[in-house]
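K.L.:
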Amino acid sequence: MNDPKHYYEDIVVGRTETLGSTSVTKADIIAFARAFDPQPLHLDEEAAQATMVGRLCASGWHSCAILMRLICDGFLLDAASLGSPGMEEVRFLKPVFPDDELSGRFTCQTKRTLASRPNVGMCRVLFEMTNSAGEVVLSWDTNQLFALREFPAGAEASR
Amino acid sequence: MSTHFEDLVIGHKTELGSHTFTKAEIIDFATKFDPQRFHMSEEGGKDSLFGALCASGWHTSAVWLRLVVDYRKRIGDQMIYRGERPAKWGPSPGFEKIRWVKPVFVGDTIRFTTAISEKRDSKSRPDVGLLYSLNEGFNQNGDLAFQVTSKMFVERRVPLG
Numbered sequence: 000m001n002d003p004k005h006y007y008e009d010i011v012v013g014r015t016e017t018l019g020s021t022s023v024t025k026a027d028i029i030a031f032a033r034a035f036d037p038q039p040l041h042l043d044e045e046a047a048q049a050t051m052v053g054r055l056c057a058s059g060w061h062s063c064a065i066l067m068r069l070i071c072d073g074f075l076l077d078a079a080s081l082g083s084p085g086m087e088e089v090r091f092l093k094p095v096f097p098d099d100e101l102s103g104r105f106t107c108q109t110k111r112t113l114a115s116r117p118n119v120g121m122c123r124v125l126f127e128m129t130n131s132a133g134e135v136v137l138s139w140d141t142n143q144l145f146a147l148r149e150f151p152a153g154a155e156a157s158r
Numbered sequence: 000m001s002t003h004f005e006d007l008v009i010g011h012k013t014e015l016g017s018h019t020f021t022k023a024e025i026i027d028f029a030t031k032f033d034p035q036r037f038h039m040s041e042e043g044g045k046d047s048l049f050g051a052l053c054a055s056g057w058h059t060s061a062v063w064l065r066l067v068v069d070y071r072k073r074i075g076d077q078m079i080y081r082g083e084r085p086a087k088w089g090p091s092p093g094f095e096k097i098r099w100v101k102p103v104f105v106g107d108t109i110r111f112t113t114a115i116s117e118k119r120d121s122k123s124r125p126d127v128g129l130l131y132s133l134n135e136g137f138n139q140n141g142d143l144a145f146q147v148t149s150k151m152f153v154e155r156r157v158p159l160g
């Protein structure tokens, strides 16, 4: 593993960072739905027409998995990440359709070091995924843990 | 397609079934969606804070999703068999308070449950209500490993008027 580029100290509150882009095919949508969310809306064009959305669209949890991949490739794999204890709120704001161009971005809202582990910092982060029209399709309000580059004086390593 | 909003009882809890996570499926999911080293190989897991290869939290979530979708479909099929019309379920506006409490390691068997926690009327849409469910996953030692509050719009038998 290479040395991480992004430590806790590098994350700037209030600054929006862009992640990369990807797209999702109809085949991807159907494959995820077959495995994990086999509902007509995500499985079949014709059956989807009879639903409220009216078109085949991705499972909300598939769009979460796609955003996770954008976060990994665009940031997390180069970060001194110590994982996430969970998320406060995830919103499925718009349907994700086949061949939508999806882009990720994130903004750190607040950050603090942990009293119990002074070499670890927690960031409250808003992650968003947008479609080709620039609409936000998915948002995450989440906590993410990062190691500090410099151990505070007197703090013991907990990594 | 499942139970109508009016018939859902707060506190009602259902066993959804369990799933044993294999090394192959953990790595397959991670390769597609969450290629962090501790989800990709035994070695990557060993030198991480988890201590061993473990499933992506999104993978654990997706397995819960499959079990809950299958359960709702079984209820809907039973209603059709009895000559009743199942209610429309969905879409979901999202979810809250997802917690990956313990890592899910290779060979772990997670038992999932869902319980109805809250029902809210929809101001803008009298034909549906918003259902909150608390979903949990426990490993073979009985430890809570996964938790999420899901939200779903569910059709009413009779629109609010």
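Taken in sequence, the protein lines are chains A and B.
Reminder that position 88 of the first sequence reads as 87 in numbering that gives the first Met the number 0, one-by-one numbering, no gaps.
Reminder that position 90 of the second sequence reads as 89 in numbering that gives the first Met the number 0, one-by-one numbering, no gaps.
Idealized CB from N, CA, C, for every residue including glycine.
So for residue 5 of chain A, helix, strand or coil by DSSP?
P.N.:
The answer is strand: DSSP assigns residue 5 of chain A an E or B state.
K.L.:
Have a look at residue 88 of chain A and residue 124 of chain B and give me their C-alpha separation to the nearest angstrom.
P.N.:
22 Å
K.L.:
Should the segment 58-77 of chain A be called in touch with the segment 126-140 of chain A, which here means at least 3 C-beta pairs below 8 Å?
P.N.:
yes
K.L.:
Would residue 2 of chain B pass as a contact of residue 109 of chain B if the rule is Cβ separation under 7 Å?
P.N.:
The answer is no: Cβ separation not under 7 Å.
K.L.:
When we look at the beta-carbon of residue 11 of chain B and count the other beta-carbons within 10 Å, is it buried (16 or more) or exposed?
P.N.:
exposed
K.L.:
Could you tell me the boundaries of the alpha helix (DSSP H) in which residue 32 of chain B lies?
P.N.:
Unbroken alpha helix (DSSP H) run through residue 32 of chain B: 22-32.
K.L.:
For residue 67 of chain A and chain B, any beta-carbon pair shorter than 7 Å?
P.N.:
yes
K.L.:
Check residue 137 of chain B in the structure and name its three-state DSSP category.
P.N.:
In this structure, residue 137 of chain B counts as strand in the three-state DSSP scheme.
K.L.:
For residue 143 of chain A, which three-state DSSP category applies?
P.N.:
Three-state DSSP puts residue 143 of chain A in a strand.
K.L.:
In chain B, which residues lie with their C-beta within 9 Å of the C-beta of residue 84 of chain A?
P.N.:
98, 99 and 100
K.L.:
Going by C-alpha to C-alpha distance, which of B/65, B/46, B/95 and B/90 sits closest to residue 163 of chain B?
P.N.:
Residue 163 of chain B lies beyond the stretch modelled for chain B, which goes from 0 to 160, so this question has no answer here.
K.L.:
Could you name the residues of the same chain whose beta carbon sits closer than 6 Å to that of residue 14 of chain B, not counting the 5 residues immediately before and after it, in chain order?
P.N.:
112
K.L.:
Looking at chain B, which residues of the segment 9-20 of chain A have a Cβ within less than 9 Å of any of its Cβ atoms?
P.N.:
Going along the segment 9-20 of chain A in chain order, one finds no residue with a Cβ nearer than 9 Å to chain B.
K.L.:
Output, in chain order, the set of chain B residues within a Cβ distance shorter than 9 Å of residue 36 of chain A.
P.N.:
61, 64, 65 and 68
K.L.:
Whose Cβ in chain B lies nearer than 9 Å to the Cβ of residue 47 of chain A?
P.N.:
Within 9 Å Cβ-Cβ: nothing; residue 47 of chain A doesn't reach chain B, min ~11 Å.
K.L.:
Tell me where the beta strand (DSSP E) around residue 62 of chain B begins and ends.
P.N.:
Residue 62 of chain B -> not in any beta strand (DSSP E); alpha helix (DSSP H) instead, spanning 56-80.
K.L.:
For residue 74 of chain A, which residues in chain B fall below 8 Å Cβ to Cβ?
P.N.:
Within 8 Å Cβ-Cβ: nothing; residue 74 of chain A doesn't reach chain B, min ~11 Å.
K.L.:
Runs of 3 residues minimum, wholly inside the segment 8-72 of chain A: which ones carry the beta strand (DSSP E) assignment?
P.N.:
Taken in chain order, the complete beta strand (DSSP E) segments of 3 residues or longer contained in the segment 8-72 of chain A are 15-22.
K.L.:
Measuring CB to CB, does residue 122 of chain A end up less than 7 Å from residue 10 of chain A?
P.N.:
yes
K.L.:
Does the beta-carbon distance from residue 20 of chain B to residue 103 of chain B come in below 7 Å?
P.N.:
yes
K.L.:
If the criterion is Cβ atoms closer than 7 Å, does the pair residue 42 of chain A and residue 50 of chain A meet it?
P.N.:
Against a cut-off of 7 Å, the Cβ pair of residue 50 of chain A and residue 42 of chain A comes out as no contact.
K.L.:
Between the alpha carbons of residue 198 of chain A and residue 97 of chain B, how many angstroms are there, rounded?
P.N.:
Residue numbering for chain A in the displayed model covers 0 to 158; residue 198 of chain A lies beyond these limits and cannot be assessed.
K.L.:
Could one say the Cβ of residue 90 of chain A lies closer than 7 Å to chain B's Cβ atoms, at least one of them?
P.N.:
yes
K.L.:
Helix, strand or coil for residue 37 of chain B? Go by DSSP, reduced to three states.
P.N.:
Looking at residue 37 of chain B - three-state DSSP - the assignment turns out to be helix.
K.L.:
Taking only three categories from DSSP, how would you classify residue 149 of chain A?
P.N.:
coil
K.L.:
Is DSSP giving residue 111 of chain B helix, strand or coil here?
P.N.:
strand
K.L.:
For the 8 Å Cβ check, are there 3 or more pairs between the segment 137-145 of chain B and the segment 34-52 of chain B?
P.N.:
no
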